[in-house]
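Colleague: Numbering (the numbering used here), first residue to last: 756 to 914.
Glycine included, C-beta positions come from ideal geometry on N, C-alpha and C.
Structure incoming, see below.
And the structure:
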C-alpha cells in the first residue's frame with residue numbers, strides 16, 4: 756500500500772527529510788510561489804498551522820518556479836520573503852518541479868492520487884493536497900481555494 760511516507764524531500768537548509776517524520780499527522784502539501792497573485796494565502800496557511808499544529812496538523816510548502824517565474828532564485832531569498840512578509844514557520848522545502856518531465860516524485864504521486872478538475876497536471880501555484888494521518892491523499896484543492904475554506908476538512912481528519 757503506497758503512502759506519502761515513502762518520499763524524501765530536501766528542506767530549505769539542504770537537509771534530506773523523510774516524510775515519514777510526519778506520520779500520524781494531517782498534512783496540507785502546497786506548491787508555493789513568492790511573487791504570485793495567490794501568495795497572500797501564506798497568511799491563512801500560517802493561521803491554520805498555528806491553530807492546529809498542537810493537534811497533529813502540519814503545512815508543508817514546496818516553492819515552485821514553473822509558472823511565470825514567480826519564485827526567487829535562492830532558498831535564502833525564499834525564507835527571508837516568507838518570514839518577513841508572512842511570518843511563515845511551517846516547514847518549507849527546496850524548490851521543486853510539479854509538472855513536466857522533471858516532476859518531483861512526490862508531486863508525481865500526489866497528482867496521480869488526486870486528479871484536478873479536468874486532468875492530473877498542476878496548472879498553477881498554490882494547488883493544495885490534504886493528507887490523512889495514515890499518509891493517504893484525501894483531497895486536492897484548486898489554487899484559488901483559500902486555505903480557511905479547507906478548515907472543516909482538516910478538523911474532520913484531526914478528530
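1) Distance, Cα to Cα, residue 822 vs residue 794?
2) Let me know the secondary structure DSSP gives residue 836 once reduced to three states.
3) With distance defined between alpha-carbon atoms, name the residue in 788, 913, 862 nearest to residue 837.
4) Look up residue 798 in the DSSP assignment and say whether it is helix, strand or coil.
5) Could you give the distance in angstroms between the alpha-carbon of residue 777 and the alpha-carbon of residue 901?
6) Answer yes or no: do residue 819 and residue 851 have a C-beta to C-beta separation smaller than 8 Å?
7) Which stretch, first to last residue, makes up the beta strand (DSSP E) that contains residue 787?
8) Under 8 Å, with one C-beta from each stretch per pair, do the region 828–843 and the region 856–871 reach the 3-pair mark?
9) Name, in chain order, the residues that DSSP records as bridge partners for residue 816.
10) Looking at C-alpha atoms only, which residue of 757, 887, 913, 826 is the closest neighbour of residue 880?
11) Quick check: what's the CA-CA separation for residue 815 versus residue 912?
12) Look at the Cβ atom of residue 848, then the Cβ atom of residue 766, and state whether they are nearer than 8 Å.
13) Which residues in the same chain as residue 844 place their Cβ atom closer than 8 Å to its Cβ, once the five residues preceding and following it in sequence are excluded?
14) With 16 as the cutoff for other CB atoms within 10 Å, does residue 707 come out buried or exposed?
15) Helix, strand or coil for residue 886, going by three-state DSSP, please let me know.
16) Can you name the residues that DSSP bridges to residue 894?
Modeller: On the basis of the coordinates in this document:
1) Their backbone Cα atoms lie some 13 Å apart in a straight line.
2) In this structure, residue 836 counts as helix in the three-state DSSP scheme.
3) Selected option, being the one with the closest Cα: 788.
4) Here DSSP, grouped into helix, strand and coil, assigns residue 798 to helix.
5) When rounded, the distance between both Cα atoms is 23 Å.
6) Contact flag set, yes.
7) Per DSSP, residue 787 is one residue of the beta strand (DSSP E) stretching across 781–787.
8) As far as the Cβ criterion goes, the region 828–843 does not touch the region 856–871, which means the pair count is below three.
9) In the DSSP assignment, residue 816 is bridged to 785, 847.
10) Nearest of 757, 887, 913, 826 to residue 880, Cα basis: 826.
11) The C-alpha of residue 815 lies about 17 Å from the C-alpha of residue 912.
12) With respect to the 8 Å criterion, residue 848 and residue 766 are classified as neighbours on the basis of their beta carbons.
13) Short of 8 Å from the beta carbon of residue 844, and not among the five residues preceding or following it, lie these beta carbons of its own chain, in chain order: 801, 804, 838.
14) In this structure the chain extends from 756 to 914, so residue 707 is not present and cannot be described.
15) If DSSP states are grouped into helix, strand and coil, residue 886 belongs with the strands.
16) Residue 894 pairs with 885.
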